[in-house]
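In short: position in the sequence shown from 1, add 57, done, that's this note's numbering. Positions of the beta carbon are idealized from the N, C-alpha and C atoms, including for glycine.
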Amino acid sequence: MKYLLIAFALLFSACSIKNYEITQTKIFIIKSPKLKFADLGYLRNSQKSIELELFTAGKAIEKITINHLICMSEGCMTKNSFNKDYLNESYPSEILQNILLAQAIYDGKNRVQTQEGFEQKIEDENVNITYRVSSNVIYFKDKKNKIIFKIKDTK
58 MKYLLIAFAL LFSACSIKNY EITQTKIFII KSPKLKFADL GYLRNSQKSI
108 ELELFTAGKA IEKITINHLI CMSEGCMTKN SFNKDYLNES YPSEILQNIL
158 LAQAIYDGKN RVQTQEGFEQ KIEDENVNIT YRVSSNVIYF KDKKNKIIFK
208 IKDTK
């Protein structure tokens, strides 16, 4: 019984309220076969967790929390399950949090430093990705899978 309570505590703590060190207001454009969004949102993060809260016309419509699981209004799932359901199953498990935090994807493969940040182009049988990070814009486009993330500062 004791182990069952510990298991439940760990499971439900994955989606619990977190204290975030950084909160940023951004303009998000997200387009994938199952996700479509274009408006303001809050990006909050700490060392262990990321939260993306999306708004349309001032009303919160979705909250995505990323730690060891990805939690949405529909429930929590592993990062690989999220990629399979919402993005592309061939993506690395950490791709969403890397994009949101403007970090290199695919372990930095084909990374080229630019004047304001970096750029990566990744093409294989599963993806055709252009990923650019600059001081005020994050841009991810996978032409093969019709997925776009554009995150822009509100300033």
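I'd like to know if the stretch 173-191 and the stretch 109-129 are in contact, where contact means that at least 3 CB-CB pairs between them fall below 8 Å. no
Can you look up residue 96 in the DSSP assignment and give me helix, strand or coil? It is a strand residue.
Determine, for residue 135, whether the minimum Cβ-Cβ distance to residues of chain B falls below 8 Å. Any reference to chain B falls outside this structure, which holds one protein chain only.
Quick check on DSSP: helix, strand or coil for residue 165? helix
With residue 157 as the anchor, note down where its alpha helix (DSSP H) starts and where it stops. 152-157
On the DSSP bridge assignment, give the partners of residue 211 in chain order. Per DSSP, none; premise fails for residue 211.
State buried or exposed for residue 155, treating a residue as buried only when at least 16 other CB atoms are found within 10 Å of its CB. buried
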